[in-house]
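Peer 1: Sequential numbering of the sequence shown, starting at 13, is according to the working numbering.
Note that beta-carbon positions come from the ideal geometry of N, C-alpha and C, so glycine has one too.
A single structure is presented below for examination.
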Amino acid sequence: MSKPDILFTPFKLKTLDLPNRIVMAPMTRNKTPDGIPGAANADYYSKRAAGGVGLILSEGTVVDRPASRNLPHIPLFHGEAAMAGWKAVADAVHAAGGKMGPQIWHTGSTRTPDAWEPDAPVESPSGLVGPEDPRGNAMTESDIADTIAAFAKAALDAKNAGFDTFEIHGAHGYLIDQFFWPGTNLRTDRFGGKTIKERSTFAREVVTAMRAAVGPDFPIILRVSQWKQQDFTARLAYTPDEMTDWLGPLVEAGVDIIHASQRRFWEPEFPEIDGEKGLNFAGWAKKLTGAPTISVGSVGLSSDFIGAFSGEASEKASLDELINRMEKGEFDLIAVGRALLSDAQWANKVKSGAYDQLEDFNASALAELA
Numbered sequence: 013m014s015k016p017d018i019l020f021t022p023f024k025l026k027t028l029d030l031p032n033r034i035v036m037a038p039m040t041r042n043k044t045p046d047g048i049p050g051a052a053n054a055d056y057y058s059k060r061a062a063g064g065v066g067l068i069l070s071e072g073t074v075v076d077r078p079a080s081r082n083l084p085h086i087p088l089f090h091g092e093a094a095m096a097g098w099k100a101v102a103d104a105v106h107a108a109g110g111k112m113g114p115q116i117w118h119t120g121s122t123r124t125p126d127a128w129e130p131d132a133p134v135e136s137p138s139g140l141v142g143p144e145d146p147r148g149n150a151m152t153e154s155d156i157a158d159t160i161a162a163f164a165k166a167a168l169d170a171k172n173a174g175f176d177t178f179e180i181h182g183a184h185g186y187l188i189d190q191f192f193w194p195g196t197n198l199r200t201d202r203f204g205g206k207t208i209k210e211r212s213t214f215a216r217e218v219v220t221a222m223r224a225a226v227g228p229d230f231p232i233i234l235r236v237s238q239w240k241q242q243d244f245t246a247r248l249a250y251t252p253d254e255m256t257d258w259l260g261p262l263v264e265a266g267v268d269i270i271h272a273s274q275r276r277f278w279e280p281e282f283p284e285i286d287g288e289k290g291l292n293f294a295g296w297a298k299k300l301t302g303a304p305t306i307s308v309g310s311v312g313l314s315s316d317f318i319g320a321f322s323g324e325a326s327e328k329a330s331l332d333e334l335i336n337r338m339e340k341g342e343f344d345l346i347a348v349g350r351a352l353l354s355d356a357q358w359a360n361k362v363k364s365g366a367y368d369q370l371e372d373f374n375a376s377a378l379a380e381l382a
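And the structure:
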């Protein structure tokens, strides 16, 4: 395997100063009773910090809206008890030598496998969960304004709790992504439109409000994706020009780092332009906007994460392709998900060259917070 030195070079942006380029990817665990993080959550994250991860991004944690979560044990990011719990998590990660940011989230009108329902009706841009698939309420302009304010309050709470950054979840078919996607945004007001640039208005206003809440120096990450849980083949940007129209204004609004989510990091975004070994999503996002990017998708494993939910294991895999792309400067940071669930010491093992000690992923890791 190639030498992993590039993964362990420092990264600095504004007040965010990381010892290496490895990020713990946000992974929903649904293991926060009453939505209040406790000692088990703090221990879970601090183990990965002690294991050598440069930046921990939390599981999705939801803003103060009546139906902002789609599972009963997703953590809250509002209220005195939840924020005290999150401060304890941040303190534990810092004590272990790590840096951390919460992923701030609203699940929109998405469904869940166990048919759990929140107490209030779910909300989305047009009362749809997917194309021609109605669910919940179409948001009024008042709903939209209150949601933007809830995101801004969460941003300030993240800063006040001592986090080093935060990530806005704008991917995977959840609320912000439902505004991006023409299949779920049929609005005729200023939050809708025929173009991706028009449909990005809600996201731009969320970013603008969050930036105003934390000031100019606090780093903001935005996670985006082409694919949706409702449709793995969905695309928002079919060309580089469309991607520029989508992501450029979000960077101008205050996003510092784009977390470009794809299921397999090595897949090219526009192979018709630069071939089957061409830039991935994060590579194109960086090239077009100039912003630093995080890539993600099946890092260190032989299969993507979708199969994990049906109990599929995944064997450890070579990091050569990742190292090669990072040495070329295609993207700046790499998020690692399932490999860190099975092996909290993954980063330290890679750094020391102990590849033979890396563990395969077993789906049983999803069943516990360890």
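Do the region 99 to 111 and the region 157 to 167 make contact, defined as three or more Cβ pairs closer than 8 Å?
Peer 2: no
Peer 1: At what residues does the beta strand (DSSP E) containing residue 208 begin and finish?
Peer 2: The residue labelled residue 208 in the question sits at position 196 within the sequence shown. Not the beta strand (DSSP E): residue 208 falls in the alpha helix (DSSP H), residues 208 to 211.
Peer 1: Would DSSP call residue 70 helix, strand or coil?
Peer 2: Position 58 of the sequence shown holds residue 70. Residue 70: strand per DSSP, three-state reduction.
Peer 1: Pull the bridge partners of residue 117 from the DSSP assignment, please.
Peer 2: Position 105 of the sequence shown, counted from the start, is the residue given in the question as residue 117. Answer is 74, bridged to residue 117.
Peer 1: If you run the structure through DSSP and keep just helix, strand and coil, what is residue 189?
Peer 2: Translated into positions along the sequence shown, residue 189 becomes position 177. It is helical.
Peer 1: Can you list, in chain order, the residues of its chain whose CB lies under 6 Å from that of residue 360, leaving out five sequence neighbours each side?
Peer 2: Taking the sequence shown and counting its residues from 1, the one referred to as residue 360 is at position 348. Once the five neighbours on either side are set aside, the close Cβ partners of residue 360 are 63, 64.
Peer 1: For residue 384, which residues from the same chain have a beta carbon less than 6 Å from its beta carbon, with the 5 sequence-adjacent residues on both sides left out?
Peer 2: Because the chain spans 13 through 382 in this model, residue 384 falls outside it and cannot be assessed.
Peer 1: So, residue 74 versus residue 86, is the Cβ gap smaller than 8 Å?
Peer 2: Here residue 74 refers to the residue found at position 62 of the sequence shown. Here residue 86 refers to the residue found at position 74 of the sequence shown. For residue 74 and residue 86, yes; Cβs fall inside 8 Å.
Peer 1: Buried or exposed: which applies to residue 214, given that a residue is buried once 16 or more other Cβ atoms fall within 10 Å of its Cβ?
Peer 2: As a first step, residue 214 must be located in the sequence shown, where it is residue number 202. Result: buried.
Peer 1: Taking residue 342 and residue 18 to be in contact with their CB atoms under 8 Å, please state how far apart those CB atoms are, rounded to whole angstroms.
Peer 2: Translated into positions along the sequence shown, residue 342 becomes position 330. Translated into positions along the sequence shown, residue 18 becomes position 6. Not a contact, Cβ separation roughly 11 Å.
Peer 1: Let me know if residue 373 comes out buried or exposed under the rule of 16 or more other beta-carbons within 10 Å of its beta-carbon.
Peer 2: Here residue 373 is taken as the residue at index 361 of the sequence shown, counted from 1. Around the CB of residue 373, 16 or more other CB atoms lie within 10 Å, so the residue is classed as buried.
Peer 1: In terms of residue numbering, what span does the beta strand (DSSP E) encompassing residue 237 cover?
Peer 2: Residue numbering aside, residue 237 sits at position 225 when the sequence shown is read from its first letter. Where residue 237 is concerned, the enclosing beta strand (DSSP E) stretches over 232 to 237.
Peer 1: Taking residue 261 and residue 178 to be in contact with their CB atoms under 8 Å, please state how far apart those CB atoms are, rounded to whole angstroms.
Peer 2: As a first step, residue 261 must be located in the sequence shown, where it is residue number 249. As a first step, residue 178 must be located in the sequence shown, where it is residue number 166. Rounded to whole angstroms, the Cβ separation of residue 261 and residue 178 is 20 Å, and the two are not in contact under 8 Å.
Peer 1: Report yes or no: do the region 217 to 237 and the region 159 to 176 share at least 3 C-beta pairs separated by less than 8 Å?
Peer 2: Verdict: yes, contact present.
Peer 1: Which first and last residues belong to the alpha helix (DSSP H) in which residue 106 is found?
Peer 2: On the sequence shown, residue 106 is found 94 positions in, with the first residue counted as 1. Residues 92 to 107.
Peer 1: Express the C-alpha separation of residue 242 and residue 145 in angstroms, rounding to a whole number.
Peer 2: Taking the sequence shown and counting its residues from 1, one reaches residue 145 at position 133. Taking the sequence shown and counting its residues from 1, one reaches residue 242 at position 230. Looking at the two C-alpha atoms, the distance is approximately 10 Å.
Peer 1: Output the residue ranges of the alpha helix (DSSP H) runs that lie fully inside the region 260 to 348 and measure 4 residues or longer, sorted by chain position.
Peer 2: For the region 260 to 348, whole alpha helix (DSSP H) runs of length 4 or above, ordered along the chain, are 283 to 286, 293 to 301, 332 to 339.
Peer 1: Between 141, 287, 266, 364, which has its C-alpha nearest residue 304's C-alpha?
Peer 2: On the sequence shown, residue 304 is found 292 positions in, with the first residue counted as 1. If we check each option's Cα against that of residue 304, 266 comes out closest.
Peer 1: Do residue 357 and residue 308 come within 8 Å of each other at the CB atom, strictly closer than that value?
Peer 2: For the purposes of this step, residue 308 is taken as residue 296 along the sequence shown, with counting starting at 1. For the purposes of this step, residue 357 is taken as residue 345 along the sequence shown, with counting starting at 1. Contact: no.
Peer 1: What three-state label does DSSP hand residue 9 in the structure shown?
Peer 2: There is simply no residue 9 to check, as the chain begins at 13 and stops at 382 in what is shown.
Peer 1: Just to confirm my understanding: we take residue 164, look at its own chain, exclude 5 residues before and 5 after, and list those with CB closer than 6 Å. What are they?
Peer 2: Position 152 of the sequence shown holds residue 164. Counting only Cβ-Cβ distances below 6 Å, and skipping sequence neighbours, we find 221, 222, 225.
Peer 1: Within the same chain, show all residues whose beta-carbon is closer than 7 Å to that of residue 283, passing over the 5 residues directly before and after it, in chain order.
Peer 2: Position 271 of the sequence shown holds residue 283. Counting only Cβ-Cβ distances below 7 Å, and skipping sequence neighbours, we find 290.
Peer 1: To which residues of the same chain is residue 81 closer than 6 Å at the C-beta, ignoring the five residues directly before and after it?
Peer 2: Taking the first residue of the sequence shown as 1, we reach residue 81 at position 69. Excluding positions up to five away in sequence, the list reads 74, 119.
Peer 1: For residue 158, report the span of its alpha helix (DSSP H) as first-last.
Peer 2: Within the sequence shown, residue 158 is the residue found at index 146, counting from 1. Segment 153 to 172, the alpha helix (DSSP H) holding residue 158.
Peer 1: Give the range of the beta strand (DSSP E) segment to which residue 43 is assigned.
Peer 2: For this step, residue 43 is matched to residue 31 along the sequence shown. Here residue 43 belongs to no beta strand (DSSP E), and DSSP marks it neither H nor E.
Peer 1: Beta-carbon within less than 6 Å of residue 90's beta-carbon, same chain only, minus the 5 sequence neighbours each way: which residues are those?
Peer 2: As a working note, residue 90 is residue 78 in the sequence shown. Only 76 meet the Cβ criterion.
Peer 1: What is the DSSP secondary structure of residue 129, counted as helix, strand or coil?
Peer 2: Counting from one through the sequence shown, the residue named residue 129 turns up at place 117. Coil, per DSSP.
Peer 1: Taking Cβ positions, are residue 30 and residue 66 nearer each other than 8 Å?
Peer 2: The residue labelled residue 30 in the question sits at position 18 within the sequence shown. The residue labelled residue 66 in the question sits at position 54 within the sequence shown. The answer is yes: Cβ separation under 8 Å.
Peer 1: Per DSSP, what kind of secondary structure is residue 18 in: helix, strand or coil?
Peer 2: As a first step, residue 18 must be located in the sequence shown, where it is residue number 6. If DSSP states are grouped into helix, strand and coil, residue 18 belongs with the helices.
Peer 1: What did DSSP end up calling residue 26 once you bin it into helix, strand or coil?
Peer 2: Taking the sequence shown and counting its residues from 1, the one referred to as residue 26 is at position 14. The answer is coil: DSSP assigns residue 26 none of H, G, I, E or B.
Peer 1: Applying the 10 Å Cβ sphere with the 16-neighbour rule, what's the burial state of residue 127?
Peer 2: To locate residue 127, count along the sequence shown from 1; it is residue 115. Sixteen is the threshold: since fewer than 16 other Cβ atoms of the shown chains lie within 10 Å of the Cβ of residue 127, the residue is exposed.
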